[in-house]
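All remarks here apply to the structure that follows.
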Amino acid sequence: MLKDITLGQYFPGTTLAHRLDPRTKLLAVVCYIVAVFNCHSVWGYGAAVLTLIVSARVSKVGAKALLRGLRPVLFIIAFTAVLNLFYTPGEVVWTWWVLKVTRQGAYTALAMVARITLLITGTFLLTYTTSPIRLTDGLESLLAPLKKLRVPVHELAMMMSIALRFIPTLIEETDKIMSAQKARGADFESGGLVRRAKALIPLLVPLFVSAFRRADELATAMECRCYHGGEGRTKLRVLRFAARDYAVLAFYLALAAGIIVWD
Numbered sequence: 000m001l002k003d004i005t006l007g008q009y010f011p012g013t014t015l016a017h018r019l020d021p022r023t024k025l026l027a028v029v030c031y032i033v034a035v036f037n038c039h040s041v042w043g044y045g046a047a048v049l050t051l052i053v054s055a056r057v058s059k060v061g062a063k064a065l066l067r068g069l070r071p072v073l074f075i076i077a078f079t080a081v082l083n084l085f086y087t088p089g090e091v092v093w094t095w096w097v098l099k100v101t102r103q104g105a106y107t108a109l110a111m112v113a114r115i116t117l118l119i120t121g122t123f124l125l126t127y128t129t130s131p132i133r134l135t136d137g138l139e140s141l142l143a144p145l146k147k148l149r150v151p152v153h154e155l156a157m158m159m160s161i162a163l164r165f166i167p168t169l170i171e172e173t174d175k176i177m178s179a180q181k182a183r184g185a186d187f188e189s190g191g192l193v194r195r196a197k198a199l200i201p202l203l204v205p206l207f208v209s210a211f212r213r214a215d216e217l218a219t220a221m222e223c224r225c226y227h228g229g230e231g232r233t234k235l236r237v238l239r240f241a242a243r244d245y246a247v248l249a250f251y252l253a254l255a256a257g258i259i260v261w262d
């Protein structure tokens, strides 16, 4: 189950999606999210799905990798679908005891499942094709105007980069601790909810200790390298928009605008 959590993972490559400016991909994801939230018809969702498929093909990220990232949130998707299916008022098409399924509820449930799935897979596609360092540089560049309002843009971007970088590490550490605990007879799967929660205590304590130790080691390493924030720092790779970036941005802006206006 833990190996299915792919948030923060980066798959190196030389595809067009990998070579795009990180700012382009961040803005494209924002446009895509706006487009998905404004989908109201089959044609709108079809355009969003087709865009995701083309983007995945261009980036050469397989469907298996994208769908694997959905497994940890399947319960949330199913729970959302059930709530919309049985508690949306409208024309009743099926009734059993106190449960009622309406035509509007069925449509809303399908729409919510499609919307959540597209949002998660689209966001994962961003992290799959963009390294945490480039993602941080792109976010810091986009938020640069906020520096005039004394917003700590560099520090916020650095925290996001560190968080993304250590998600796979903490997942791997959790898997190792669980394997060690199971070898000593620990049971994380049987019993009720309360028993399972209690069984996680021997897992959470060493995980938090490991996380704090890694944080302390990282802070010491940054101090030894004379890191004092972003003031006066230069970039190894200066971000510059290319023709392909303008073309991709124009496409995603047209997608969002088209769905908002005509869907």
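Mapping of the sequence shown onto numbering that gives the first Met the number 0: residues 0 to 262, in sequence order. Every residue gets a Cβ at the ideal spot worked out from N, C-alpha and C, and that includes glycine. As the structure is a prediction and not an experimental result, all values here were calculated from the model.
Beta strand (DSSP E) containing VAL150: first to last residue?
What you label residue 150 is simply residue 151 of the sequence shown in a count that begins at 1. From DSSP, VAL150 is part of no beta strand (DSSP E); its letter is neither H nor E.
With DSSP run on the structure shown, which of helix, strand or coil describes LEU98?
If you number the sequence shown from 1, residue 98 lands on position 99. LEU98 falls in the strand class under three-state DSSP.
Take every Cβ of the segment 10-29, pair it with every Cβ of the segment 241-249, and state whether three or more of those distances are shorter than 8 Å.
yes
Using the rule of at least 16 other Cβ atoms within 10 Å of the residue's Cβ for burial, across every protein chain shown, is THR116 buried or exposed?
For the purposes of this step, residue 116 is taken as the residue at position 117 of the sequence shown. Result: buried.
If I'm right that LEU84 touches ALA105 with Cβ under 8 Å, what's the distance once you round it to whole angstroms?
Counting from one through the sequence shown, the residue named residue 84 turns up at place 85. Counting from one through the sequence shown, the residue named residue 105 turns up at place 106. That belief holds up - the Cβ atoms of LEU84 and ALA105 are roughly 6 Å apart, short of 8 Å.
If you draw a straight line from the C-alpha of LEU125 to the C-alpha of GLY137, how long is it?
Counted from its first residue, the sequence shown places residue 125 at position 126. Counted from its first residue, the sequence shown places residue 137 at position 138. LEU125 and GLY137: Cα-Cα distance of roughly 12 Å.
For the candidate residues PHE10, LEU202, PHE240, whose alpha-carbon lies nearest to that of LYS59?
What you label residue 59 is simply residue 60 of the sequence shown in a count that begins at 1. Closest option to LYS59, Cα to Cα, is PHE10.
For the alpha helix (DSSP H) that LEU248 lies in, which residues bound it at each end?
Looking up residue 248 in the sequence shown gives position 249. Boundaries of the alpha helix (DSSP H) around LEU248: 242-261.
Residue closest to VAL112, alpha-carbon to alpha-carbon, out of PRO167, ASP186, THR129, VAL48
Looking up residue 112 in the sequence shown gives position 113. Considering only alpha carbons, the answer is VAL48.
Own chain partners of VAL100 with C-beta closer than 8 Å, once the 5 adjacent residues on each side are dropped:
Against the sequence shown, residue 100 aligns to sequence position 101. The residues are LEU84, PHE85, VAL91, VAL92, TRP93, THR94.
Note down, in chain order, each residue of its chain lying with its Cβ closer than 7 Å to the Cβ of LEU118, except the 5 sequence neighbours on either side.
Residue 118 sits at position 119 when you count from the first residue of the sequence shown. ILE32, VAL35.
Chain-order list of residues whose beta-carbon lies under 7 Å from that of MET159 (same chain, five-residue window excluded):
One-based indexing of the sequence shown puts residue 159 at position 160. THR135, LEU138.
On a Cα-Cα basis, can you pick out the residue from PHE165, ALA182, ILE259, ARG243 that is closest to ARG213?
For this step, residue 213 is matched to residue 214 along the sequence shown. Here the closest residue by C-alpha is PHE165.
Same chain, Cβ closer than 7 Å to GLU222, five either side skipped, listed in chain order:
Position 223 of the sequence shown, counting from 1, holds the residue named residue 222. Nothing listed; no residue qualifies.
Looking at the structure shown, is VAL91 part of a helix, part of a strand, or coil, going by DSSP?
For the purposes of this step, residue 91 is identified with residue 92 of the sequence shown, where counting begins at 1. DSSP places VAL91 in the strand class (E or B) of the three-state scheme.
Give the single residue among LYS147, PRO131, GLN180 whose Cα lies nearest to the Cα of ALA156.
As a first step, residue 156 must be located in the sequence shown, where it is residue number 157. Nearest option by C-alpha distance: PRO131.
Let me make sure I understand the geometry here. Which of LEU252, ARG133, THR23 has the alpha-carbon closest to that of LYS234?
Along the sequence shown, read from residue 1 onward, the residue named residue 234 stands at position 235. Nearest of LEU252, ARG133, THR23 to LYS234, Cα basis: ARG133.
If ARG22 sits next to LEU141, beta carbons under 8 Å apart, how far is it from one beta carbon to the other, in whole angstroms?
On the sequence shown, position 23 is the one that residue 22 refers to. On the sequence shown, position 142 is the one that residue 141 refers to. The Cβ separation is near 6 Å, so the contact holds.
Please state if the CB of ILE176 and the CB of CYS38 are separated by a distance shorter than 8 Å.
Your numbering for residue 38 matches position 39 in the sequence shown. Your numbering for residue 176 matches position 177 in the sequence shown. No. Outside cutoff.
Could you give the uninterrupted runs of the beta strand (DSSP E) lying entirely in the segment 22-97, keeping only those of 3 residues or more?
91-95
In terms of residue numbering, what span does the alpha helix (DSSP H) encompassing VAL11 cover?
For this step, residue 11 is matched to residue 12 along the sequence shown. The sequence shown places Pro at residue 11, not Val. From DSSP, PRO11 is part of no alpha helix (DSSP H); its letter is neither H nor E.
Just how far apart, CA to CA, sit VAL53 and ILE170?
Walking along the sequence shown from the start, residue 53 turns up at place 54. Walking along the sequence shown from the start, residue 170 turns up at place 171. For VAL53 and ILE170, the distance between alpha carbons rounds to 30 Å.
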